[in-house]
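What follows is a short report on a single structure.
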Amino acid sequence: MSLMVLLLAAQPAAFAALRAPLHPSFRRCCGVTPRAPDPMALDVIDPSYSLALGSLAAGAVFGLPARPPSFLSRAAYSLGALLAAFGLFLAFQTTTLRFTFDDTTFALVKADLSSSGENVVVGGENAWRYSSFVNWEFFPSESFPILVYFKETQTPKEFWNVGPGEQANSAEALANGAKPGQVHFFPAIANVEQLKTKFVEKGCAKL
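FYI, the numbering for the sequence shown is -16 to -1, 1 to 191, going by mature numbering (1 follows the signal peptide of the UniProt record, and there is no 0).
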């Protein structure tokens, strides 16, 4: 139950944090402009529906009617409905989004490999240079991934404390060995084994 509640609570931050890349002013000053990806030069990570199906299955279990009805059964039914709705949302995201690796950049794009648009939090393209990575990880574990995490320094520093970044860049976190940077979380809607392989292959830094 606690893991499912954590999954629900993490979802908004996951997508908000994910969409926090290169700021437009930074693009202009550095001469970085969006370019259409060349499918032949891209490694496209396979989608994974495991998280969506797991959420839907949990929703079905919690949504089973109880006899006789009680407060707990109604609460479980409500949780089941939320999990089912969340599962459908994840299935939609899994179908419509892809993660890609080219020679220099990790990116979030649409399933047809077109741009996923401006970042909803700070603007800019959803693309990050491998050289800017300072850490990446899978939560709660690599064998049971619900969230994929990475941290980078490409995003302008004034945005690093947006959302979960405030805690991730706190004095306590840095004292415990964390590297400062922009935090990103996203649900594990892609094949995490392929993600791990590419993160390592592309030299993305990891603590």
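Note that the Cβ used here is the ideal one computed from N, Cα and C, for glycine as well.
Exercise for review: Note the first and the last residue of the continuous alpha helix (DSSP H) segment covering residue 142.
Suggested key: Looking at the DSSP string, residue 142 is not in any alpha helix (DSSP H), and its letter there is neither H nor E.
Review point. In the DSSP assignment, what are the bridge partners of residue 99?
Key: 93
Review point. Can you tell which of 78, 61, 119, 48 has the C-alpha that lies nearest to the C-alpha of residue 180?
Key: 119
Exercise for review: State yes or no: is the C-beta of residue 35 within less than 8 angstroms of the C-beta of residue 172?
Suggested key: yes
Check your understanding: Taking the C-alpha atoms as reference points, what is the distance between residue 17 and residue 191?
Key -> Per-residue confidence for residue 17 stands at a pLDDT of 49, beneath the threshold of 50, marking its modelled position as unreliable; the derived number appears in the next sentence. Roughly 30 angstroms between the two C-alpha positions.
**Study point:** Range covered by the beta strand (DSSP E) that runs through residue 26
**Key:** Looking at the DSSP string, residue 26 is not in any beta strand (DSSP E), and its letter there is neither H nor E.
Check your understanding: Where does residue 194 sit, in a helix, a strand or coil, going by DSSP?
Key -> It is not possible to answer for residue 194, since the shown part of the chain is limited to -16 through 191.
Review point. Which two residues bound the contiguous alpha helix (DSSP H) that contains residue 174?
Key: First-last for residue 174: undefined, no H or E at that position.
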